[in-house]
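Numbering (full-length UniProt numbering), first residue to last: 1 to 310. The beta carbon of each residue, even a glycine, is placed where N, CA and C say it ideally should be. Heads up: the structure comes next, in structure tokens.
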């Protein structure tokens, strides 16, 4: 390059054009100011592409392997991976702003973003609450897809079909689909009867006051031991729990393995039917409530019992 160009190069360096800006200016593609802007845009694009490439090839696979190690289902991993992609993109844009020399612009954008986030947060409190609750469901794992759960004091129950970051979909036993906000499942007591490998069931058999309690207890335990789906260990047991108006309540307690709602209903129904059949064979009564009404009535003179009122 001629010596006459040296002052221009020194000026370009003084203006902070950098190698890209100097190349554009020397090629005659742009003057000093335009060359500086073009150089910043190119640096911004290169930084975004570079960080996005590293994120796609290194960071996201690491996050996927971490989620796989936690045993999350595919439906649970997809939203988390999407959030991770947004995080990588946001990080790349933030770094690219600084690398391109857009510091002041970045500060302005950060202020605008903070104000926008505050406004959106106030307007979307319930959505954010459900989102945070969904994150807790993924991490704490109070239930999984296919589990039978109950909540709201037992008013709602069903089998979990889908879990997302905002709502959980539950199929009731009447085949109704409930879309439940995640916060409703984390803010109150949630029952998961099938979380363990066995479930204890209870049923109260009412017998007459004149019936043999010991014989009725033997029948209840014997039928539990006969049923193939009732566990021998822990062993079934019977307790006298109540003295009703017309019966004596014997509570049977027994366990089933690998419980599900279908097994629970079927096993209990078969067991109660078998005990009722044995009670009938042994002459043990299952009484129904009897009410005795006492009092007196009077008839008007000249009116018969069968005569309708006027």
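The C-beta separation of residue 200 from residue 255 comes to about 5 Å, placing the pair in contact by the 8 Å criterion. For residue 156, the enclosing beta strand (DSSP E) begins and ends at 156-163. Shortest Cα-Cα distance from residue 247 to any of 64, 216, 114, 229 involves 216. Residue burial is scored here from C-beta neighbours: residue 237 has fewer than 16 other C-beta atoms within 10 angstroms and is therefore classed as exposed. Taking one beta carbon from each stretch, the segment 216-225 and the segment 148-162 have fewer than 3 pairs nearer than 8 Å; the two do not touch. Between the segment 136-151 and the segment 188-205 there are three or more C-beta pairs closer than 8 Å, enough to call the two in contact.
Secondary-structure assignment with DSSP links residue 203 through a beta bridge to 252. Apart from the 5 residues on each side of it in sequence, residue 67 sits with its Cβ closer than 7 Å to the Cβ of 77, 80 in its chain, given in chain order. A straight line joining the alpha-carbon of residue 95 with that of residue 173 spans about 52 Å. Rounded to whole angstroms, the gap between the alpha carbons of residue 178 and residue 41 is 50 Å. For residue 253, the CB contacts under 8 Å within the same chain, skipping 5 residues up- and downstream, are 200, 201, 202, 236, 237, 238, 239 in chain order. When the alpha-carbon of residue 182 is set against those of 244, 134, 141, 84, the nearest one is in 134.
DSSP lists 167 as the bridge partner or partners of residue 181.
For residue 172, the three-state secondary structure derived from DSSP is coil. Look at residue 286 here: in three-state DSSP terms it is coil, with no helix or strand label.
Of the residues assessed, residue 168 falls on the buried side of the cut-off, its CB having 16 or more other CB atoms within 10 angstroms.
Take residue 141, set aside five residues on each side of it, and no residue of its chain has a beta-carbon closer than 8 Å to its own. Separation of residue 128 and residue 92 (C-alpha to C-alpha, rounded to the nearest whole angstrom) is 25 Å. Here residue 257 is near residue 231, since their CB atoms are less than 8 Å apart.
Partner residues in the beta bridge of residue 237, as assigned by DSSP, are 253. Looking at the backbone, the Cα of residue 205 and that of residue 229 are separated by about 20 Å. Membership of residue 214 in the alpha helix (DSSP H) is indicated by the continuous run 213-226. With a contact defined as Cβ atoms closer than 8 Å, residue 234 and residue 193 miss out at about 16 Å. For residue 137, the enclosing alpha helix (DSSP H) stretches over residues 125-140.
Around the beta carbon of residue 279, 16 or more other beta carbons sit within 10 angstroms, so the residue counts as buried.
Beta-carbon to beta-carbon, residue 284 and residue 211 are separated by about 5 Å, close enough to satisfy the 8 Å threshold.
When secondary structure is reduced to three states using DSSP, residue 188 falls in the coil class, being assigned neither helix nor strand. Comparing alpha-carbon positions, the option among 156, 166, 185, 165 lying closest to residue 175 turns out to be 156. In the structure shown, residue 145 falls within a coil segment according to DSSP collapsed to helix, strand and coil.
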